[in-house]
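Number of protein chains: 2
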Amino acid sequence: MKTSLDCIPCFFSQVLRAARMATDDERLVYQLLIETGAMLKDISLDSTPPEIGHLIYGKVREVTGNSDPFHEIKQKSTQEALAQYDILVDTVGRAEDRLMAGIRVAIAGNVIDFGAGRSVDMAREIRECMGRKFALCDYDVFRDRLEASRAVLYVGDNAGETVFDRVLIEQLGKPVVFAVREAPVINDATYEDAVAAGLDEVATVVSSGTTAPGAILSTCSEEFRDLFAGADMIIAKGQGNYEALSGSSAPVCFLLKAKCDCLARHLGVPVGSYVLKAIGK
Amino acid sequence: MKTSLDCIPCFFSQVLRAARMATDDERLVYQLLIETGAMLKDISLDSTPPEIGHLIYGKVREVTGNSDPFHEIKQKSTQEALAQYDILVDTVGRAEDRLMAGIRVAIAGNVIDFGAGRSVDMAREIRECMGRKFALCDYDVFRDRLEASRAVLYVGDNAGETVFDRVLIEQLGKPVVFAVREAPVINDATYEDAVAAGLDEVATVVSSGTTAPGAILSTCSEEFRDLFAGADMIIAKGQGNYEALSGSSAPVCFLLKAKCDCLARHLGVPVGSYVLKAIGK
């Protein structure tokens with residue numbers, strides 16, 4: 001998915017938010033906004049939003065010297081999500097279609113996203129997720145692919161959301177490789193965050209090799225690219241992974257909540273929708 | 282009121298919106314965003330937001346060659362507001378305190394503001410304005426100043442809002458000079474817009490001389506500055522005029538709805554509040 005001109009004001013909001021999380025020095029925040037402004041002329045609109053996010057969040061790290069501004073927020077999100085774990089498992093356990101219930105829970109977890117700048121109401125999303133309507137739902141493809149697959153490559157998104165992913169993974173009934181970001185970027189899950197959510201108990205946790213807020217294959221490790229190329233079923237969570245991988249021909253099922261106008265328009269769904277979209281064959 | 286770093290993403294949203302209103306050529310829109318980005322390093326945060334707005338909207342005019350992108354929107358707003366005029370007059374006529382009712386109506390009209398980027402629900406604002414609580418209400422000062430004044434200088438804001446201003450002006454019982462922008466900027470009222478709202482029937486309409494989206498005195502004409510310096514009561518409408526004049530020592534009463542976080546924080550009120558704030562002596 002290419003970057004839209006509508007993304008540009010949003011990039012500045014993201015820089016502002018991340019910079020203030022990284023430093024109390026407003027001069028550095030201002031400098032970052034100025035440098036982002038100067039970078040605009042060099043940005044290609046053929047890039048995907050996470051490619052530009054990669055540049056921007058790299059710049060935040062460089063200027064503030066803080067490599068993980070969202071560290072505490074990520075820990076807190078994971079703790080809060082873990083406190084809901086039993087409720088989530090129970091909800092799925094009581095569902096008629098447990099796989100579908102697991103998918104709903106995994107999408108509900110996508111509400112945790114400090115990149116999109118919305119305030120997070122985890123409890124409300126959990127209460128409402130079983131009744132939400134999907135704007136796009138390629139569930140048949142998902143189920144058929146899962147049945148036919150030897151294993152699942154699950155590309156994770158945010159810390160805390162990982163707990164919700166765990167609940168879905170427990171319903172997949174296949175070996176799962178869970179891919180995280182190589183290093184902190186926004187509140188995206190790293191190896192440490194995945195382990196804190198207990199994902200190492202239900203999956204093999206690996207790094208995708210990228211430090212972008214989305215699995216842009218050209219920025220991933222060769223090992224991950226091989227995994228990706230060989231996978232017969234890939235689940236990719238969240239907006240950043242959709243933006244990075246929507247042009248792929250691999251058998252990807254995207255699970256996400258459509259949180260911004262641009263993404264919603266690209267998918268042809270209303271903002272706030274639950275989406276299960278399958279691409280590839 | 283100085284510009285905050287929080288204003289910067291908003292400037293980009295404003296450029297995007299105004300540029301798309303001014304041209305269908307997305308390349309020009311992109312160029313404008315890039316030029317705005319490059320301008321950031323030259324902007325002083327000691328400037329007020331309308332000073333930066335002045336630069337930005339000037340740039341939109343220059344790059345697109347469209348000197349009045351909001352022309353149709355302004356006409357439509359005025360027509361829609363005129364269709365409500367009898368209802369507004371009737372509402373004020375039935376009120377126990379007609380002056381206060383006129384003030385409420387004038388603030389309700391401030392909902393028409395395409396700079397702030399919120400969608401406009403004029404009918405709802407009219408329905409609710411009589412019941413709204415003020416977060417700040419220097420009504421005693423307003424009434425005392427009005428009683429003691431020989432005349433009122435009324436600094437207008439947006440086209441369409443002018444109809445609501447007319448309803449308040451009809452309750453003031455003093456000669457009124459109504460000041461408009463010298464040339465189109467966003468949807469701010471010019472002479473043409475004021476006359477279309479019928480303001481010339483209840484006030485002397487003059488230009489403030491500025492093309493900024495707020496009465497920044499250094500950009501106003503000498504005639505307006507003389508009027509301003511000699512006025513014993515000034516009513517200034519809306520956010521742009523507040524931002525431009527909040528540091529003044531003149532006897533200004535600001536009437537506005539606090540539409541953005543930065544302004545609300547500066548005033549110490551919740552977003553969406555009705556505000557009647559008096560400064561000066």
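As you go down the protein sequences, you meet chains A and B in turn.
So in my numbering, spot 59 of the first sequence is number 59, and the numbers just go up one at a time.
So in my numbering, spot 269 of the second sequence is number 550, and the numbers just go up one at a time.
Glycine residues also receive a C-beta, built at the ideal position from the N, C-alpha and C atoms.
Model, not experiment: these values are computed from the prediction.
Verify whether the separation of the beta carbon atoms of T91 (chain A) and P49 (chain A) is less than 9 angstroms.
-> no
Starting from V271 (chain A), find everything on chain B with Cβ-Cβ shorter than 7 angstroms and list it in chain order.
-> Result: empty, since nearest Cβ-Cβ is about 14 angstroms, beyond 7 angstroms.
Reduced DSSP category for N307 (chain A) - H, G, I as helix; E, B as strand; rest coil = Since the first residue of chain A shown is 1 and the last is 281, residue 307 (chain A) is not available in this structure.
Where A38 (chain A) meets chain B, residues with beta-carbon distance less than 9 angstroms = G318, A319, L321, K322
Does any residue of chain A bring its CB to less than 9 angstroms from the CB of F293 (chain B)?
-> yes
May I ask you to list, following chain order, the residues of the stretch 68–83 of chain A that have a beta carbon less than 7 angstroms from some beta carbon of chain B?
-> none
C-beta neighbour in chain B for D34 (chain A), strict 9 angstroms | As written in the sequence, residue 34 (chain A) is Ile, which differs from the Asp given in the question. By this cut-off, I34 (chain A) is an interface position.
The alpha helix (DSSP H) spanning C534 (chain B) covers which residue range?
-> Unbroken run through C534 (chain B) is the beta strand (DSSP E), 533–538; no alpha helix (DSSP H).
In terms of residue numbering, what span does the beta strand (DSSP E) encompassing C418 (chain B) cover?
-> 415–418
Cβ of I289 (chain B) within 9 angstroms of any chain A Cβ | yes
Inter-residue Cα distance where the pair is L380 (chain B) and K414 (chain B) | 16 angstroms
4-residue-minimum alpha helix (DSSP H) runs that sit fully inside the stretch 121–168 of chain A, ordered along the chain = 122–128, 139–148
Beta-bridge partners of F459 (chain B), as assigned by DSSP = B:Y435, B:V486
Cβ atoms of I407 (chain B) and L369 (chain B): under 9 angstroms apart, would you say?
-> yes
Classification of P456 (chain B) by the beta-carbon crowding that lies within 10 angstroms, buried from 16 upward | exposed
Where K558 (chain B) sits in the DSSP three-state scheme | strand
Where A517 (chain B) sits in the DSSP three-state scheme = strand
The alpha helix (DSSP H) with M372 (chain B) in it runs from where to where?
-> This sequence places Thr at residue 372 (chain B); Met is not what is there. Its alpha helix (DSSP H) spans residues 352–374.
With C-beta atoms as the reference, is A212 (chain A) less than 9 angstroms away from E51 (chain A)?
-> yes
Among A:L28, A:R27, A:L5, A:Y30, which one has its Cα closest to the Cα of Y311 (chain B)?
-> A:L5
At a CB-CB cut-off below 7 angstroms, which residues of chain A make contact with E307 (chain B)?
-> L5
Cut-off 6 angstroms between Cβ atoms - residues of its own chain near K74 (chain A), not counting five sequence neighbours on either side | A159, N187, D193
Can you check DSSP and say which residues form a bridge with D261 (chain A)?
-> Per DSSP, none; premise fails for D261 (chain A).
What did DSSP end up calling D323 (chain B) once you bin it into helix, strand or coil?
-> helix
What residues are listed by DSSP as bridge partners for D188 (chain A)?
-> A:N158
Can you tell me the Cα-Cα spacing of Q360 (chain B) and T443 (chain B), whole angstroms?
-> 11 angstroms
Straight-line Cα distance separating E182 (chain A) from L245 (chain A) | 17 angstroms
Assigned secondary structure, K340 (chain B) (DSSP; H/G/I helix, E/B strand, else coil) = helix
E451 (chain B) by DSSP, collapsed to three states: which one?
-> helix
Per-residue DSSP class, three states only, for V296 (chain B) = helix
Can you list, in chain order, the residues of its chain whose CB lies under 6 angstroms from that of H335 (chain B), leaving out five sequence neighbours each side?
-> A493
Run of the alpha helix (DSSP H) containing E222 (chain A), from where it starts to where it stops = 222–230
Over the uninterrupted alpha helix (DSSP H) stretch that includes I384 (chain B), give me the two end residues.
-> 379–390
Output yes or no for whether 9 angstroms exceeds the beta carbon distance between L252 (chain A) and A229 (chain A).
-> As written in the sequence, residue 252 (chain A) is Val, which differs from the Leu given in the question. Their beta carbons are not under 9 angstroms apart, which means V252 (chain A) does not touch A229 (chain A) by this criterion.
Helix, strand or coil at T219 (chain A) according to DSSP, with G and I counted as helix = helix
According to the neighbour-count rule (16 or more other Cβ atoms, all chains shown, within 10 Å of its Cβ), is G109 (chain A) buried or exposed?
-> buried
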